[in-house]
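Trainee: Below is a structure I'd like to ask you about.
Protein chains: 2
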Amino acid sequence: MAKKQDFVQHLTSRQDDFAQWYTDVILQTELVDYAPVRGCMVMRPYGFALWERIRAEYDKRFAETGHQNVYMPMLIPESMLLKEAEHVEGFAPEVAWVTQGGTEQLQERLAIRPTSETIFCTMYSKWVQSYRDLPMKYNQWCSVMRWEKSTRPFLRTSEFLWQEGHTIHETPEEAQQETMQMLEIYRDVAENIMAIPMLIGQKSDKEKFAGARATYSMEAMMQDGKALQAGTSHNFGTNFAEAYDIKYLSREGKLEYVYETSWGVSTRLIGAIIMAHGDDRGLRMPPRIAPIQVVLLPIAFHKEGVLEETNKVFERLKNAGFRIKLDDRDTVSPGFKFNEWEMKGVPLRLEMGPRDIENHQVMACRRDTNEKTVLTLDNLENEVSELLDEIQKGMYEQALKFRTEHIKNVTNMDELGAAVTNGFAKAMWCGDRACEDEIKEKFGASSRNMPFDQEAEAFGDTCVCCGKKAKKVMYFAKAY
Amino acid sequence: MAKKQDFVQHLTSRQDDFAQWYTDVILQTELVDYAPVRGCMVMRPYGFALWERIRAEYDKRFAETGHQNVYMPMLIPESMLLKEAEHVEGFAPEVAWVTQGGTEQLQERLAIRPTSETIFCTMYSKWVQSYRDLPMKYNQWCSVMRWEKSTRPFLRTSEFLWQEGHTIHETPEEAQQETMQMLEIYRDVAENIMAIPMLIGQKSDKEKFAGARATYSMEAMMQDGKALQAGTSHNFGTNFAEAYDIKYLSREGKLEYVYETSWGVSTRLIGAIIMAHGDDRGLRMPPRIAPIQVVLLPIAFHKEGVLEETNKVFERLKNAGFRIKLDDRDTVSPGFKFNEWEMKGVPLRLEMGPRDIENHQVMACRRDTNEKTVLTLDNLENEVSELLDEIQKGMYEQALKFRTEHIKNVTNMDELGAAVTNGFAKAMWCGDRACEDEIKEKFGASSRNMPFDQEAEAFGDTCVCCGKKAKKVMYFAKAY
Chain A
2 MAKKQDFVQH LTSRQDDFAQ WYTDVILQTE LVDYAPVRGC MVMRPYGFAL WERIRAEYDK
62 RFAETGHQNV YMPMLIPESM LLKEAEHVEG FAPEVAWVTQ GGTEQLQERL AIRPTSETIF
122 CTMYSKWVQS YRDLPMKYNQ WCSVMRWEKS TRPFLRTSEF LWQEGHTIHE TPEEAQQETM
182 QMLEIYRDVA ENIMAIPMLI GQKSDKEKFA GARATYSMEA MMQDGKALQA GTSHNFGTNF
242 AEAYDIKYLS REGKLEYVYE TSWGVSTRLI GAIIMAHGDD RGLRMPPRIA PIQVVLLPIA
302 FHKEGVLEET NKVFERLKNA GFRIKLDDRD TVSPGFKFNE WEMKGVPLRL EMGPRDIENH
362 QVMACRRDTN EKTVLTLDNL ENEVSELLDE IQKGMYEQAL KFRTEHIKNV TNMDELGAAV
422 TNGFAKAMWC GDRACEDEIK EKFGASSRNM PFDQEAEAFG DTCVCCGKKA KKVMYFAKAY
Chain B
2 MAKKQDFVQH LTSRQDDFAQ WYTDVILQTE LVDYAPVRGC MVMRPYGFAL WERIRAEYDK
62 RFAETGHQNV YMPMLIPESM LLKEAEHVEG FAPEVAWVTQ GGTEQLQERL AIRPTSETIF
122 CTMYSKWVQS YRDLPMKYNQ WCSVMRWEKS TRPFLRTSEF LWQEGHTIHE TPEEAQQETM
182 QMLEIYRDVA ENIMAIPMLI GQKSDKEKFA GARATYSMEA MMQDGKALQA GTSHNFGTNF
242 AEAYDIKYLS REGKLEYVYE TSWGVSTRLI GAIIMAHGDD RGLRMPPRIA PIQVVLLPIA
302 FHKEGVLEET NKVFERLKNA GFRIKLDDRD TVSPGFKFNE WEMKGVPLRL EMGPRDIENH
362 QVMACRRDTN EKTVLTLDNL ENEVSELLDE IQKGMYEQAL KFRTEHIKNV TNMDELGAAV
422 TNGFAKAMWC GDRACEDEIK EKFGASSRNM PFDQEAEAFG DTCVCCGKKA KKVMYFAKAY
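Sequences listed follow chains A and B, in order.
First residue of the first sequence? That's 2 in my numbering, and the numbers climb one at a time after it.
First residue of the second sequence? That's 2 in my numbering, and the numbers climb one at a time after it.
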């Protein structure tokens, strides 16, 4: 295998080849590496630290809304997987099967979980007895396995990390409320922490989760104009409850099926951060999710007092709660360091040399705009905090502006085809799968989701494809 | 499947049947449930919360000592597993094999990781280039799979959760220092947070990890006198580096093998907490690890002001940072609640009724001693904090006293056989495997570990088994 290079390498530009740019960035910033197993990935410290940040933000909100974490086994007997027909059909083709345990040939094949509805349902049917036990709102952080044909790190891999929430409720209203609440939590973190604007809405029947009554998603636009489905929340109604016999004694003393939801986000979100924010110099991390928010470089640090004063600043900012890295390596040049931290997307670089110390100041350089500012030492914590807030805001606005410019309202197939070459098409749609299939075949674009406020968003009554009466506003796009 | 009971059930006493007591406790306190897959377990919210607490304590210390978290793929190609001979021999018999991916029959079988030395080594050999890259100190929290013949939740299951640290270093001294540092971190958390006294020392060659040069362990005594190996730290020397070709350019400009360590603790620690501290009324959680430290019960809460005042106390203690649960269910009686929280081992129960409110006080009941105290509202935070500290200290001392009383210095096989019926035997040993085998065969006891200060601990020079010259002080015990 190739050894890593000692010097920062050239990144392909986004313009020249967006896919190659993505690959260059994830490998050279050491977010990830290819694993020696087909379609799997190795998450290196920088990539995993990003996932830990994402996990912490969501996990906190799950707990605040009354969810509890559990851990379910990773192996699922084939017979258990077969109970819900649509679900099997959706997942069976991409399951990895364990057939041998030690020296023993297994009587029944075991699936490595592609998702855990089947096992949650089996346990819920054992655990729930009466309405007093409801709701049960459980979540797990784990890895899942889907035997994908073509894979790309973070976007589609055979094994990936995610969370899956599974909840059961007394009433359809409660289940729907839960489904919407989790979608909103997904959106909140994605927009306010990761600075990625999201379109939220309902998926078509064709694109919904295998076994769901309704699936809702958040969809992000990447810089090549393609969509990335960044999180989904499903309302199962009583579909799985009927297949897995999850009944409870109701307030009226009758045995009733529970109403169920599930919802998930995954390491795909890392792909979204990379492709929503990155530029030709590498990653750009939004400050609120960045594993390292500030990198501090001593300049000319053989000079007396430089290391000492830089260390003081490091301690101050660390104690103020910033995620800060002091780069005092003497084995590489400042230029090398600038490139490296820029490529890694650290939002703010601070430099301190002899002259800065004399002037009681620090030089600051923003990763998002490349702007340089002088910060006074006296008020450093506040100024750093304000700068990070500005960067966060600026990055969201930039991504929003890009998205706005790349969504076109289209009224015929030519316009739709043109729009999806570098963005999303917003179209009126009859609701028929035949039209989705035709759009997919002609342009490689799929339906993404339908905004909630259909009335406000509607702009006609003719289906963009068949010309019949349109029922829905739908976004179409090529997608990851 | 049986539905859960509405009332607290009877626990088998430890005296009557320790194994059955354990099973009763883990199921009835809802730490865990059996999974529909042979030998796997479902970690329910209370059990998983305990694991999250353990994880947080260790993870913090790993980070403080410069370790970084990563995630490696769960599947390992058979050929990769085969590279280190001892390692294969140790793990191959208990590997679960994936042979089918989707509809495709795989060319090469893939092991679900039983441990990840092989994949870490493969990646390290790619990543490390020169001494400047060293040390690399990585850790991962994940699940592993070992196809065990007989299983018990937390103690031995086919799938379990753990962390595995893997580090590479320039010198043997550094690797040894790392090995010892991690053992010390393991001991620190086990003793000071989980209140379980540990014997730390080196394993025999027979009992060391497959592929290690030296294995060190911490061993805890359970209340049936059996040993539980609660954590291990291994020094591999260059053993794996040679098998996986992990070389770096040294300071002298030569290609050298790295020195490697690995170390792990697992959900077994939950088993240790249960069996070190539990009593016939259920679990007893040491306050520093307890998912719930304080449960607060309003008494006669239909009376005016009770719920309101209890809520105020709840908010105060929550804001002070205690992990507190307010149990204001009106569907069950106070007696039911007492039993339930007692069984779940919550260290401190607070009660507040109309008279307490009048007297500006709270009733406190310690789980460990059953002692009741009156706490004044004015000084509540401090008094709760002091009580929890006392409980923590008391539980550790109780466990230490039990262990001290159940370790016997033995000088012949009869004494050894007697000692291991209800505790540990401390013996002089010649160092030969033949004696370990004989002791195992006769008494079902295995060598546990050799204390570090051999000189101070020695008490003779004759092997307890063969009578030849003794080289080592060794603990022997039956073990989980």
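For each residue, glycine too, the CB sits at the ideal point set by N, CA and C.
Model, not experiment: these values are computed from the prediction.
Is it buried or exposed for H68(A), if we count other Cβ within 10 angstroms and need 16 for buried?
Mentor: Your numbering for residue 68(A) matches position 67 in the first sequence. So H68(A) counts as buried.
Trainee: Along chain B, in chain order, which residues have C-beta atoms closer than 8 Å to that of V70(A)?
Mentor: The residue given as residue 70(A) occupies position 69 in the first sequence. The residue asked about is misnamed: residue 70(A) is Asn in this sequence, not Val. Under the 8 Å cutoff, chain B gives P46, F49, A50 and E53.
Trainee: Use the C-beta contact count for V375(A): other C-beta atoms within 10 angstroms, 16 or more gives buried, fewer gives exposed.
Mentor: What you label residue 375(A) is simply residue 374 of the first sequence in a count that begins at 1. By the neighbour-count rule (16 or more Cβ atoms within 10 Å), V375(A) is not buried but exposed.
Trainee: Which runs of the beta strand (DSSP E) spanning at least 3 residues fall entirely within the segment 150–208 of chain A, listed in chain order?
Mentor: 160–170 and 200–203
Trainee: Are the C-beta of F8(B) and some C-beta of chain A separated by less than 9 Å?
Mentor: Along the second sequence, read from residue 1 onward, the residue named residue 8(B) stands at position 7. Below a pLDDT of 50, predicted positions are generally treated as unreliable, and F8(B), at 46, falls in that range; the measurement from the model is reported next regardless. Cβ-Cβ to chain A under 9 Å: no for F8(B).
Trainee: Can you tell me which of the three DSSP states Q1(B) falls into?
Mentor: Only positions 2 to 481 of chain B appear in this structure, which leaves residue 1(B) out of reach.
Trainee: Looking at K278(A): is its Cβ nearer than 9 Å to the Cβ of M199(A)?
Mentor: Here the question's residue 278(A) lines up with position 277 in the first sequence. Here the question's residue 199(A) lines up with position 198 in the first sequence. Note on residue identity: the sequence assigns His, not Lys, to residue 278(A). No, these two residues do not count as a Cβ contact at 9 Å.
Trainee: Can you tell me whether A400(A) is helix, strand or coil according to DSSP?
Mentor: Position 399 of the first sequence holds residue 400(A). Helix.
Trainee: Classify P173(B): buried if its beta carbon has 16 or more other beta carbons within 10 angstroms, exposed otherwise.
Mentor: Within the second sequence, the letter at position 172 stands for residue 173(B). By the neighbour-count definition (other C-beta atoms within 10 Å, threshold 16), P173(B) is an exposed residue.
Trainee: For R1(A), go through chain B and note every residue whose CB falls closer than 7 Å to its CB, in chain order.
Mentor: Summary: the structure shown does not reach residue 1(A), with chain A confined to residues 2 through 481, and so no result is reported for it.
Trainee: Output, in sequence order along the chain, the residues in the segment 79–112 of chain B whose CB is closer than 7 Å to any CB in chain A.
Mentor: M81, P94, E95, V96, A97, W98, V99, T100, Q101, G102, G103, T104 and L111
Trainee: Of all the options V314(A), Q230(A), E118(A) and L28(A), which has the alpha carbon lying nearest to the alpha carbon of E85(A)?
Mentor: Here the question's residue 85(A) lines up with position 84 in the first sequence. Looking at the Cα atoms, E118(A) is the closest of the given residues.
Trainee: Around the Cβ of M2(A), are there at least 16 other Cβ atoms within 10 angstroms (buried) or fewer (exposed)?
Mentor: As a position in the first sequence, residue 2(A) is number 1, starting the count at 1. Low per-residue confidence applies at M2(A): pLDDT is 36, beneath 50, and the placement is therefore not dependable, though the value from the model is reported in the following sentence. It counts as exposed.
Trainee: Check distances from the C-beta atoms of the segment 158–190 of chain A to those of chain B and list, in chain order, the residues that come in under 7 Å.
Mentor: E160 and L162
Trainee: For H303(B), count neighbouring C-beta atoms within 10 Å of its own C-beta (all shown protein chains included) and say buried if the count is 16 or more, exposed if not.
Mentor: By 1-based counting over the second sequence, the position of residue 303(B) is 302. The residue in question, H303(B), is exposed, as its Cβ has fewer than 16 Cβ neighbours within 10 Å.
Trainee: Are there 16 or more other CB atoms within 10 angstroms of the CB of K255(A), so buried, or fewer, so exposed?
Mentor: Along the first sequence, read from residue 1 onward, the residue named residue 255(A) stands at position 254. It is exposed - the Cβ of K255(A) has fewer than 16 other Cβ atoms within 10 Å.
Trainee: Would you say S251(A) reaches chain B, if we count a Cβ-Cβ gap shorter than 9 Å as a contact?
Mentor: One-based indexing of the first sequence puts residue 251(A) at position 250. For S251(A), the answer is no, since every Cβ of chain B falls outside 9 Å of its Cβ.
Trainee: Note down, in chain order, each residue of its chain lying with its Cβ closer than 8 Å to the Cβ of E109(B), except the 5 sequence neighbours on either side.
Mentor: If you number the second sequence from 1, residue 109(B) lands on position 108. Closer than 8 Å at Cβ, skipping near neighbours: P78, E79 and S80.
Trainee: Can you tell me the Cα-Cα spacing of D415(B) and T422(B), whole angstroms?
Mentor: Here residue 415(B) refers to the residue found at position 414 when the second sequence is read from its first residue. Here residue 422(B) refers to the residue found at position 421 when the second sequence is read from its first residue. Spanning the two alpha carbons is a distance of roughly 11 Å.
Trainee: Residues of chain A with CB closer than 7 Å to the CB of W148(B), please, in chain order.
Mentor: As a working mapping, residue 148(B) is identified with position 147 in the second sequence. Here the neighbours are G102 and G103.
Trainee: Grouping DSSP H, G and I as helix and E and B as strand, with all else coil, what is P482(A)?
Mentor: Nothing can be reported for residue 482(A), as the shown portion of chain A is limited to 2 through 481.
Trainee: Would you mind working out which of D280(A), A50(A) and Q294(A) sits nearest V71(B), comparing C-alpha positions?
Mentor: Looking up residue 71(B) in the second sequence gives position 70. Nearest of D280(A), A50(A) and Q294(A) to V71(B), Cα basis: A50(A).
Trainee: Report buried or exposed for S144(A), applying the criterion of at least 16 other Cβ atoms within 10 angstroms of its Cβ.
Mentor: Looking up residue 144(A) in the first sequence gives position 143. Around the Cβ of S144(A), a 10 Å sphere holds 16 or more other Cβ atoms; the residue is buried.
Trainee: Please classify R133(A) as buried or exposed, where buried requires at least 16 other C-beta atoms within 10 Å of its C-beta.
Mentor: Looking up residue 133(A) in the first sequence gives position 132. Exposed, by the Cβ-count rule.
Trainee: Taking the alpha-carbon positions, what's the E439(B) to C466(B) distance?
Mentor: Within the second sequence, residue 439(B) is the residue found at index 438, counting from 1. Within the second sequence, residue 466(B) is the residue found at index 465, counting from 1. Spanning the two alpha carbons is a distance of roughly 8 Å.
Trainee: Per DSSP, M451(A) forms a beta bridge with which residues?
Mentor: Counting from one through the first sequence, the residue named residue 451(A) turns up at place 450. DSSP lists Q203(A) as partners of M451(A).
Trainee: So, is the C-beta of P37(A) closer than 9 Å to a C-beta in chain B?
Mentor: In the first sequence, counting from the first residue as 1, residue 37(A) sits at position 36. Taking Cβ atoms only, chain B reaches closer than 9 Å to P37(A), which makes this a yes.
Trainee: Quick check on this structure: which residue in M429(B), K441(B) and T463(B) has the alpha carbon closest to the alpha carbon of Q455(B)?
Mentor: Taking the first residue of the second sequence as position 1, residue 455(B) is located at position 454. With distances taken between Cα atoms, Q455(B) lies closest to M429(B).
Trainee: Would you report the Cα separation of A1(A) and F121(A), rounded to the nearest angstrom?
Mentor: Since the first residue of chain A shown is 2 and the last is 481, residue 1(A) is not available in this structure.
Trainee: Looking at chain B, is there any beta carbon in it that lies within less than 9 Å of the beta carbon of D342(A)?
Mentor: Here the question's residue 342(A) lines up with position 341 in the first sequence. According to the sequence as given, residue 342(A) is Trp; it is not Asp. Output row for W342(A): interface = no.
Trainee: Taking the alpha-carbon positions, what's the K5(A) to T116(B) distance?
Mentor: Taking the first residue of the first sequence as position 1, residue 5(A) is located at position 4. Taking the first residue of the second sequence as position 1, residue 116(B) is located at position 115. At K5(A) the pLDDT is 42, less than 50, meaning the model places this residue with poor confidence; the figure from the coordinates comes in the next sentence. Roughly 26 Å between the two C-alpha positions.
Trainee: I'd like the span of the beta strand (DSSP E) that includes Y260(B), first residue to last.
Mentor: Here residue 260(B) refers to the residue found at position 259 of the second sequence. First-last of the beta strand (DSSP E) with Y260(B): Y260 to S267.
Trainee: Starting from the beta carbon of M75(A), find every residue of chain B whose beta carbon is closer than 7 Å, and list them in chain order.
Mentor: One-based indexing of the first sequence puts residue 75(A) at position 74. Simply S144 and E160.
Trainee: How would you call D34(A), buried or exposed, if buried means at least 16 neighbouring beta carbons within 10 angstroms?
Mentor: Start at 1 with the first residue of the first sequence, and residue 34(A) comes out as number 33. Sixteen is the threshold: when 16 or more other Cβ atoms of the shown chains lie within 10 Å of the Cβ of D34(A), as they do, the residue is buried.
Trainee: Label Q224(B) either buried or exposed according to how many other C-beta atoms from any shown protein chain fall within 10 Å of its C-beta, with 16 as the threshold for buried.
Mentor: Along the second sequence, read from residue 1 onward, the residue named residue 224(B) stands at position 223. Flag for Q224(B) reads buried.
Trainee: Considering Cα atoms alone, identify which of M42(B), I392(B) and E458(B) is closest to M286(B).
Mentor: Locating residue 286(B) in the second sequence gives position 285, where the first residue counts as 1. The candidate whose alpha carbon is nearest that of M286(B) is I392(B).
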